[in-house]
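The opening position of the sequence shown corresponds to residue -5 in our numbering, with each subsequent residue numbered one higher. For each residue, glycine too, the CB sits at the ideal point set by N, CA and C. Presented below is the structure to which this report refers.
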Amino acid sequence: MKIRLFLISLIVNILSFQLWADEGMWLLPLLKQQRLAEMQAIGLKLQDYDIYHPDSSSLKDAVVVFGSGCTGEVVSSNGLVLTNHHCGYSWIQQQSSLAHDYLTDGFWAMTKEQELPNPGLTVTFIEKIEDVSDYVLSHLKQDPDSTGMNFLSPKYLNNLAKEKIGQAFLQEHIGVEVEIKPFYGGNQYFMFTKKIYSDVRLVGAPPSSIGKFGADTDNWMWPRHTGDFSVFRIYADANGDPAPYATTNVPLHPKRWFKISAQGIEDNDFAMMIGFPGRTYKYYTSWEVAERRDVDNTVRINIRNLRQEAMLEEMLKDPAIRIQYASKYAGSTNAYKNAIGMNWAINKHDLEQVKREEQEKLILWSKQSDKPEYPKALQALEWIVSARKDLRFRSWMLDEALSRGIEFTSAPVNLNALIDALNGTDKAKQEEQIRFFTTAANRFFNKNYSPETDMKIAKVMLKEYRSIIPASSQPTYFARIDKQYKGDIDRFVEAIFKQSIFGSETNFNAFIKHPTVKALEKDPMLLFAKSVQDERAAITAALSEFDTDYASAHHDYVKGLLEMYGDRANFPDANSTLRLTYGQKKGYSPRDADYYLSQTTLEGVMEKEDPDNWEFVVPQHLKDLYAAKDFGAYCLKDGRMPVAFTATTHSTGGNSGSPVLNNKGELVGINFDRNWEGVGGDLQYLPDYQRSIIVDIRYVLFIIDKYAGAVHLLNEMDME
Ligand code: ARG
Ligand code: GLU
């Protein structure tokens, strides 16, 4: 018996080393125990405490959450922060006007006085990370839990965090917040103490023809030639504490900032990235992989394909619409290309089979170790995925085709307060409610809205939706389309645009001039939107019936894997918390006999130049610098100017803006994308295909120095 157990554990230990060399998004407090030796073996020259020290300053102190979904890094003792151009994009856009078009022309503050405040933008430092598993588990045992979901509930967990640290502490420490997050499906908990700065100013941005070069055509693509970076600065009060924008605020003197290496790294050199990856699905079962491919991604790909086709037709017809819909089109294609890439990888690598084998291993091990709860968890997951199939399909169809696909379905439909006011006699109240209504409407029907385009897309979306979803499962208002319009979608859509308050600016203004309850109550577009939103709520409620069982089965499945493999080899799924991933600078071969090198240069920018295509316009000044080979000290040994490189680091959405560091912890690049063949890495790391796409810091320095002449910024930085 002992020998058998020994053999099993031996086999399992061998199996556990199936973890690929560069796989993983590691938690910093677990780095030493889980990964340090492997990192040093491929070149890291640092110790774990240089990267993360619980009590004194370390590299992690120079990494920040930028805004809500990106990463940034501090690069000077005066609070200078680097992130991506696409992460700063909406802030740069808000600073722009016709007179100062910073998106087109770029922006460089030549003095601190010229740096531009961005109300609403924050930068978050992680002050402390603690394993609070015992604390949370003991509370979970005591506390009432009506839904069985406390163990994953952000609200419940964050209350525990506040309780643990105490109100007094939070009051004394300005800008400090605490958060507890579940890891490994709720098998472990960490508490994060965060310090949030809210005076963050725009310092510099290259023109979009550099920062967004290649735009959507090149998005998720390698070889890449985008200078995807922008520069901000954190301001604080005189004590260095967070404070809302004030002219008296001063640049933050941070605990830590990155040294910059203009030496670059070579193929196979060590590289690591620290940042805030958003979400991954490493612990999906085979059934969830199939669901993701056949339901979620397939619906997304089919519907967006139709929608983008319609949108593009309008954009190509009219330059004004092209500008209006540029950002919407980019957002749509970003997730669309991701879905295509993920399905490609699922099939290419048979990820369904990869997960199935893992499940079978667990079942075998559970039998031998007398752990019936793990096979039971697997059965539950299989059942849940099959039971929710139809609902999930309807949910994705509704979302993609009607809720996101058609803009006017987001019209404000909770009009009780407005109707009450209109029914009453209080003029001030009426005006206030009309103002609210106009603001709510403005979120959708603003200068970037084209009724003709939405109308065209709506026709396509509705026809597709109705041809796939059976009548009995459609939003209730659809019955009226049959009755009133004999099912003629085109006629229906045209009619509601003619009649509705939101059909045109003229209609809207006419309503605002003489607002009546009747106009609101019989508005066909509002009724239609309400019907879609009601269906959304109904499906969400029906799907949530599965939540508790799913959460508990997923928790058990992950627990089983951790027990079987030992936690050394397992990293938790991404959940927007601070992680480290390491690997090497490397190219890749996406197809037979095809190989991509790991480094691009300015030559590629010139090769791609197309003055007739806005995505590939190259600014004259950059061409002049190229012609004069005026590259300063930033060029490669062979004299060419580096632009971007790829590494085997395991990154995902949220890692945009993450610092990429050499083996001494010096900044060599800023992460901004992944190759489309690699996005399946969100389900299972793909060692031979998956690459992070990183803007070379030498290109960033070159643009700041030679292109923008903002030498004062370089003088602030510590250059190695
Ligand atoms: N694919 C990158 C990411 O997922 C970049 C997206 C922004 N760029 C764009 N062309 N849409 O965020
Ligand atoms: N562009 C992504 C971001 O904004 C990163 C790409 C990815 O690895 O998914 O976070």
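Coil, strand or helix - residue i by DSSP
{"i": "alanine 702", "result": "coil"}
{"i": "glycine 18", "result": "coil"}
{"i": "asparagine 144", "result": "helix"}
{"i": "lysine 249", "result": "coil"}
{"i": "phenylalanine 496", "result": "coil"}
{"i": "methionine 635", "result": "coil"}
{"i": "phenylalanine 696", "result": "helix"}
{"i": "alanine 641", "result": "strand"}
{"i": "glutamate 446", "result": "helix"}
{"i": "asparagine 112", "result": "coil"}
{"i": "glutamine 468", "result": "coil"}
{"i": "proline 313", "result": "helix"}
{"i": "glutamine 257", "result": "coil"}
{"i": "glutamine 578", "result": "strand"}
{"i": "leucine 661", "result": "strand"}
{"i": "glycine 651", "result": "coil"}
{"i": "leucine 92", "result": "coil"}
{"i": "isoleucine 36", "result": "coil"}
{"i": "valine 511", "result": "helix"}
{"i": "isoleucine 483", "result": "helix"}
{"i": "isoleucine 463", "result": "coil"}
{"i": "methionine 558", "result": "helix"}
{"i": "lysine 122", "result": "strand"}
{"i": "alanine 568", "result": "coil"}
{"i": "phenylalanine 439", "result": "coil"}
{"i": "serine 132", "result": "helix"}
{"i": "arginine 474", "result": "helix"}
{"i": "aspartate 550", "result": "helix"}
{"i": "methionine 711", "result": "coil"}
{"i": "aspartate 676", "result": "helix"}
Any non-hydrogen atom of the ligand GLU closer than 7 Å to residue i Cβ
{"i": "valine 673", "result": "yes"}
{"i": "serine 645", "result": "yes"}
{"i": "cysteine 629", "result": "no"}
Nearest-angstrom Cβ-Cβ length linking residue i and residue j, presumed shorter than 8 Å
{"i": "isoleucine 698", "j": "threonine 640", "result": "Rounded, the Cβ-Cβ distance is 23 Å, inconsistent with contact."}
{"i": "arginine 195", "j": "leucine 110", "result": "6 Å"}
{"i": "lysine 349", "j": "threonine 279", "result": "6 Å"}
{"i": "cysteine 64", "j": "serine 650", "result": "5 Å"}
{"i": "tryptophan 102", "j": "alanine 702", "result": "5 Å"}
{"i": "aspartate 222", "j": "valine 689", "result": "5 Å"}
{"i": "phenylalanine 270", "j": "serine 84", "result": "18 Å between Cβ atoms; not a contact."}
{"i": "isoleucine 254", "j": "methionine 711", "result": "5 Å"}
{"i": "valine 117", "j": "glycine 66", "result": "6 Å"}
{"i": "glycine 198", "j": "serine 224", "result": "7 Å"}
{"i": "lysine 365", "j": "glycine 554", "result": "7 Å"}
Interface flag, residue i vs chain B, CB-CB below 8 Å
{"i": "threonine 594", "result": "Annotation note: the requested chain B is absent from the structure, which comprises a single protein chain."}
- Message: Any residue with its Cβ nearer than 6 Å to a heavy atom of the ligand ARG should be included. What is that list in chain order?
- Response: His80, Ala209, Asp210, Asn213, Trp214, Ala324, Asn328, Gly647, Ser650 and Asp667
- Counting only runs of 3+ residues fully inside the segment 153 to 241, write out the beta strand (DSSP E) ranges in chain order. 170 to 177, 182 to 191, 193 to 199 and 224 to 230
- Of all the beta strand (DSSP E) runs that stay within the bounds of the segment 349 to 432, which reach a length of 3 or more residues? none
- alpha helix (DSSP H) runs wholly inside the segment 582 to 637, at least 4 long, in chain order: 596 to 602 and 614 to 621
- Task: Write down every uninterrupted run of the alpha helix (DSSP H) in the segment 267 to 340 whose length is 4 residues or greater and which is fully enclosed by it, in chain order.
- Result: 280 to 285 and 292 to 311
- Task: Scan the segment 510 to 548 and note each continuous alpha helix (DSSP H) run of 4 residues or more that stays entirely inside, going in chain order.
- Result: 511 to 515 and 518 to 538
- Message: Going residue by residue through the segment 39 to 109, where are the continuous alpha helix (DSSP H) segments of at least 4 residues, counting only ones entirely within it?
- Response: 42 to 45, 79 to 89 and 96 to 99
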